[in-house]
Every structure is written in C-alpha cells, then in structure tokens.
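Worksheet: one structure, shown below.
In UniProt numbering, the protein residues as written are 1 to 307.
If you want it as structure tokens, here you go:
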C-alpha cells in the first residue's frame with residue numbers, strides 16, 4: 001500500500017505509520033489474515049519452594065494400543081519443586097479413579113498438599129473431587145484454554161514419560177503398564193536440567209543406589225560397609241543437614257531459570273486493548289471443515305477477567 005501511494009506521487013511524513021494503522025482496521029484483513037499467536041500479557045512465573053506442597057496433575061490418553069489389561073489412560077502428578085512424579089495406569093477416568101490416585105499416591109505418601117493444578121478435564125471437576133478438596137482443605141487450581149501454560153509442569157512430565165516408554169516398548173507395546181514403574185524409576189533417578197539434581201535426591205536427601213552399583217561396587221557402597229554403629233548414624237544425619245542447603249541452591253537455580261524464560265517470553269508480548277462499545281471478531285472452527293474459520297462480530301462490553 002505504501003509503495004503504491006508513493007508510485008502515484010503522494011507523500012507525507014507519517015505515510016508508513018498511517019498505512020499500517022489502516023491495514024490493522026481493515027475488516028477483510030482481520031477475517032482472512034493469519035491469527036496472531038503472540039502473547040498479549042507478560043508471563044507471571046510461579047515458583048513453589050516447598051516440597052510436595054503443590055502438585056500438577058494431568059491425564060495421558062486415550063492410549064492406543066491399550067495395555068494387555070485394558071488400561072487406556074495414565075494419571076500423572078508432578079511436584080513443582082522436586083520434580084518427583086507419581087503415575088498410575090487406569091482403565092477409565094472416573095472421578096473415583098482420580099480420588100483414589102490422590103489418596104494413595106499423593107496424600108498417603110507425602111501428606112496433604114496445599115494445592116493441585118489441573119486441566120479442565122471433566123474427570124477432574126466432578127462434584128466428588130470438589131467435595132474431597134473441601135474435606136482435605138486443599139485447593140483445586142484449574143488452568144484455562146486461554147492460559148494452558150499454567151499446567152506446563154504436568155505437560156513437560158508427560159512428554160518425558162511417554163518418550164521413555166516408547167524406547168522400552170518397541171517390540172511389545174501392549175506391555176506398557178508393566179514398564180511404567182521402571183519408567184518412573186528412570187525419571188526419578190535422572191538429573192533434571194532445571195534443578196541440576198535428581199528428584200530422588202531432592203526428596204530423600206541422598207542419591208538412590210542403582211543396580212549397577214551392586215555389580216560394580218561404587219565408592220558409596222564400599223564406604224557404607226565400613227561404617228558401623230554411631231558412625232553410620234552420624235553420616236546419615238550429615239546427609240540430612242545438607243538437604244536444606246541443596247534445596248536452597250535448587251530454589252536459587254529455579255528462580256534464575258524462571259527469570260531467563262520470562263524475559264525471553266516477554267519480548268514477544270504485544271499488548272491488546274479494547275474500548276467499551278467497540279467491535280471485535282470472535283473465531284471458531286467451521287463444522288464442515290476443520291481448517292476453516294467462522295467469524296462473528298461481538299461488542300466489547302467492558303467485562304474484566306480475573307484469574
């Protein structure tokens with residue numbers, strides 16, 4: 001547009017700015033142009049410095065093929081701070097299955113959490129789930145379609161667990177439910193990039209003894225056999241004292257990492273503002289074609305949304 005205006009012999013100092021402003025207000029351009037994917041608000045990073053006080057929970061599935069025992073789903077919960085993962089194969093995603101998982105895998109192992117972040121899956125927001133949260137006095141925080149990153153920790157764990165299972169089950173995929181415990185063991189004893197420690201060490205204060213350390217005796221095994229009585233107890237207490245220091249160091253690393261990610265994300269932010277009474281376009285998929293869009297004009301009435 002700017003080039004055509006110059007070709008016809010017209011010029012003014014704010015020509016480029018005015019052309020951009022005009023094209024942004026063109027209704028045809030808004031309807032048929034690419035949908036802007038840039039975020040509209042800055043990132044608000046969340047850091048939870050307490051072990052097993054806040055968890056992210058999600059579902060993997062429906063899984064094909066199903067396991068040999070007809071499991072189609074995996075319920076998965078990840079602790080925000082230690083990155084410890086609990087998972088369980090299930091045949092269905094009823095509210096009772098979810099409640100049993102929370103009781104057995106979270107509450108009875110690590111205590112009652114302060115909050116659990118979940119997606120807006122129907123199984124997570126039944127009345128029984130809300131009653132359970134009220135009974136145990138923890139919060140159910142739901143991520144919305146407009147802010148799916150709010151449950152990003154669960155999504156990240158999902159990808160890792162799925163990739164590990166795929167590597168282990170190339171020949172017999174229907175046995176994935178039997179390999180799930182080994183998958184969790186591999187995840188818990190592997191160092192996480194975000195914390196520079198294993199989830200096992202952040203949870204229990206020392207690294208797990210791996211089977212390979214028995215076959216090829218490691219230094220810790222040799223040293224452990226030489227300790228007796230009071231010396232062994234003192235060594236265990238020293239490990240527990242160092243756990244607090246390790247967790248503080250991990251917290252500092254998480255804070256620094258969150259700031260780096262937040263700065264990179266905020267560079268892409270493009271503010272969007274609406275005036276009361278103004279018109280805006282609302283999009284939806286066309287029912288006859290998944291890749292077509294339907295648009296309708298709606299009037300902004302000055303509503304505000306709160307998280």
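All C-beta atoms, glycine included, are put in the ideal place defined by N, C-alpha and C.
Pair within 9 Å by beta-carbon distance, residue i and residue j
i           : j           : result
residue 46  : residue 80  : yes
residue 26  : residue 15  : no
residue 161 : residue 87  : yes
residue 245 : residue 196 : no
residue 192 : residue 51  : no
residue 183 : residue 214 : no
residue 89  : residue 223 : no
residue 158 : residue 60  : yes
residue 75  : residue 97  : yes
residue 5   : residue 11  : yes
Range of the contiguous beta strand (DSSP E) that encloses residue i
i           : result
residue 308 : What is shown of the chain runs 1 to 307, which leaves residue 308 out entirely.
residue 101 : Taken as a continuous stretch (DSSP letters only), residue 101 belongs to no beta strand (DSSP E), being part of the alpha helix (DSSP H) at 95–101.
residue 116 : 115–118
residue 73  : 73–79
residue 60  : 54–60
Contact set for residue i: own chain, Cβ-Cβ below 7 Å, skip 5 residues either direction
i           : result
residue 42  : 266, 269
residue 148 : Note that residue 148 scores a pLDDT of 49, beneath 50, so its modelled location is shaky; the value from the coordinates is reported in the next line. Nothing meets the Cβ criterion.
residue 146 : With a pLDDT of 48 at residue 146, under the threshold of 50, the predicted position of this residue should be treated as unreliable, though the coordinate-derived value follows. The answer is none, since no qualifying residue turns up.
residue 257 : 194
residue 7   : none
residue 69  : 177
residue 290 : Note that residue 290 has pLDDT 45, beneath the 50 cutoff, so the model's placement of it is unreliable and the number below is only indicative. Correct list: empty, nothing qualifies.
residue 13  : none
residue 29  : 23
residue 260 : none
Cβ shell of residue i (< 6 Å), same chain only, five flanking positions each side left out
i           : result
residue 18  : none
residue 200 : 188, 189, 208
residue 226 : none
residue 203 : 82, 84
residue 133 : 140
residue 221 : 213
Distance between beta carbons of residue j and residue i, contact taken as under 8 Å
i           : j           : result
residue 194 : residue 48  : That belief does not hold up - the Cβ atoms of residue 194 and residue 48 are roughly 12 Å apart, past 8 Å.
residue 107 : residue 129 : That belief does not hold up - the Cβ atoms of residue 107 and residue 129 are roughly 14 Å apart, past 8 Å.
residue 174 : residue 92  : That belief does not hold up - the Cβ atoms of residue 174 and residue 92 are roughly 18 Å apart, past 8 Å.
residue 271 : residue 40  : 7 Å
residue 205 : residue 243 : 4 Å
residue 105 : residue 77  : 7 Å
Own chain, CB closer than 8 Å to residue i, minus 5 neighbours either side, in chain order
i           : result
residue 137 : 112
residue 65  : 173, 174
residue 253 : 194, 195, 196
residue 239 : 205, 206
residue 73  : 59, 60, 61, 62, 63, 89, 90, 91, 92, 93
residue 36  : 270
residue 198 : 188, 189, 190, 191, 192, 207, 208
First and last residue of the uninterrupted alpha helix (DSSP H) at residue i
i           : result
residue 199 : 199–204
residue 86  : From DSSP, residue 86 is part of no alpha helix (DSSP H) but of the beta strand (DSSP E) over 85–90.
residue 181 : 176–188
residue 230 : 230–266
residue 15  : 15–24
residue 130 : 127–136
residue 141 : Note, residue 141: premise wrong, no alpha helix (DSSP H); beta strand (DSSP E) at 139–142.
residue 4   : 2–7
residue 215 : 212–215
Min CB distance residue i to chain D below 9 Å
i          : result
residue 18 : In the displayed structure, chain D is absent; only one protein chain is listed.
Any non-hydrogen atom of the ligand MG closer than 8 Å to residue i Cβ
i           : result
residue 185 : This structure does not include the ligand MG; it has no bound ligands of any sort.
Checklist entry - Between the stretch 46–62 and the stretch 109–120, are three or more C-beta pairs nearer than 8 Å? => result Verdict: yes, contact present.
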